[in-house]
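Engineer:
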Amino acid sequence: MTITTHRLASIDEIGFSAVLSDLDGVVYRGEEAVPGAVDRFNRWQASGIPYCFVTNNAEKSAPAFAEKIRRLGIACADDQVVTSGDVTLDFARDKYEPGSGLYVIGTDAFKMRVSECGFTLVEKDAAAVLVALDRSFDYAMMKAALRNILDGADLIGTNPDLIRPVADGYEPGAGALTQSIAAASGAHPIFMGKPNPAIIRAALSRMDVRAADVIMIGDKLDTDILAGQRAGVTSIFIETGVPRDTQSIVTPEFILASL
Ligand SMILES: [Mg+2]
1 MTITTHRLAS IDEIGFSAVL SDLDGVVYRG EEAVPGAVDR FNRWQASGIP YCFVTNNAEK
61 SAPAFAEKIR RLGIACADDQ VVTSGDVTLD FARDKYEPGS GLYVIGTDAF KMRVSECGFT
121 LVEKDAAAVL VALDRSFDYA MMKAALRNIL DGADLIGTNP DLIRPVADGY EPGAGALTQS
181 IAAASGAHPI FMGKPNPAII RAALSRMDVR AADVIMIGDK LDTDILAGQR AGVTSIFIET
241 GVPRDTQSIV TPEFILASL
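Just so you know, UniProt numbering puts 58 at position 58 of the sequence shown, and the rest follows in order with no gaps.
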């Protein structure tokens, strides 16, 4: 299917009944709100347009992200956020028996959620290596991950992002950590965040809407926009985050300078 891209002067030019949105680069950048975002979501809140945030960031729980969004001034209930960590754990619960051992690279918050899901955190003989963003990632972790995989563990990444925008520029994403382990081990990682449409479907299932009536707003073509297209929602690339010319060739339906 050939997609023709249209540039919108305003998001009001198109019709929709619900909104899915990325966070980093769309709603905020670091601790700062992206200009226009707070006002726009509040207008949707006032006019009864439901919205849900879908983020590949698994550093924090969905309720912790909801709190950050509320702090910026946007109304957001805890269940209006789905993270790549949520869909990764849904997937793991489907695939592995309760109590299975997992080798987890990620924040303490993410490891706690893995435990709360009934899995055991182990250093060896893991059924799977789960990789989320971990700024303390080092050679010893890479080695433990490699050895688990050579002993038969699956390699599962919360998200494939190689780069992510932060307040003062960019930093390596969880996908870069996962790919370093993939390079060493030869394993083919399973990635659960965008562009896997599982996270979009999880959000849609919480909202009583048809995919065709929903827009997905994101600043990354190869994750946000591709996931939206795979799930059958209308994709809108927004130019407030990662520059388009640094990204792979996925064609968005619409481009918008800002909210
Ligand atoms: Mg983003």
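A virtual CB, placed ideally from N, CA and C, is assigned to each residue, including glycine.
Can you pull the DSSP bridge partners for A18?
Structural biologist: Answer is V214, bridged to A18.
Engineer: Pull up the distance between the alpha-carbon of G30 and that of P165, whole angstroms please.
Structural biologist: Using only the alpha carbons, I get a separation of about 8 Å.
Engineer: Report back the beta-carbon spacing between L130 and I156 to the nearest angstrom; my notes put them in contact at under 8 Å.
Structural biologist: Right, their Cβ atoms sit about 5 Å apart.
Engineer: If we ignore side chains and look at the alpha-carbon of each, how far apart do D224 and T120 end up?
Structural biologist: Each residue's alpha carbon lies about 32 Å from the other.
Engineer: Do you know how far the Cα of Q179 is from the Cα of A66?
Structural biologist: Those two C-alpha atoms are separated by around 29 Å.
Engineer: What residue range does the beta strand (DSSP E) around P165 cover?
Structural biologist: Start and end: 163-166.
Engineer: Can you tell me whether T83 is helix, strand or coil according to DSSP?
Structural biologist: T83 falls in the strand class under three-state DSSP.
Engineer: Check each candidate in A187, G118, A75, G85 and name the one with the smallest Cα separation from P98.
Structural biologist: It is G118 whose Cα lies nearest to the Cα of P98.
Engineer: Nearest to D151 by CA position, among I199, A187, N42, L89, is which residue?
Structural biologist: Among I199, A187, N42, L89, the Cα nearest to that of D151 belongs to A187.
Engineer: Which of the three DSSP states is assigned to R29 in this structure?
Structural biologist: Note: R29 maps to strand in three-state DSSP.
Engineer: Assuming L146 and S185 are in contact, meaning their beta carbons sit under 8 Å apart, how far apart are those beta carbons, in whole angstroms?
Structural biologist: The pair is a contact, with the Cβ atoms about 5 Å apart (cut-off 8 Å).
Engineer: According to DSSP, is P35 part of a helix, a strand, or is it coil?
Structural biologist: P35: coil per DSSP, three-state reduction.
Engineer: At the level of alpha carbons, what is the spacing between D125 and F191?
Structural biologist: Between D125 and F191, the C-alpha separation is close to 21 Å.
Engineer: With a cut-off of 8 Å, do at least 3 Cβ pairs link the segment 61-80 to the segment 210-221?
Structural biologist: At 8 Å Cβ cutoff, the stretches do not touch.
Engineer: CB-CB under 7 Å to P35, same chain, minus the five flanking residues each way: which ones, in chain order?
Structural biologist: The residues are S258.
Engineer: Can you tell which of V26, I181, S115 has the C-alpha that lies nearest to the C-alpha of D154?
Structural biologist: Checked all of V26, I181, S115; the closest Cα to D154 is I181.
Engineer: Do the CB positions of C52 and L20 come within less than 7 Å of each other?
Structural biologist: Yes, these two residues count as a Cβ contact at 7 Å.
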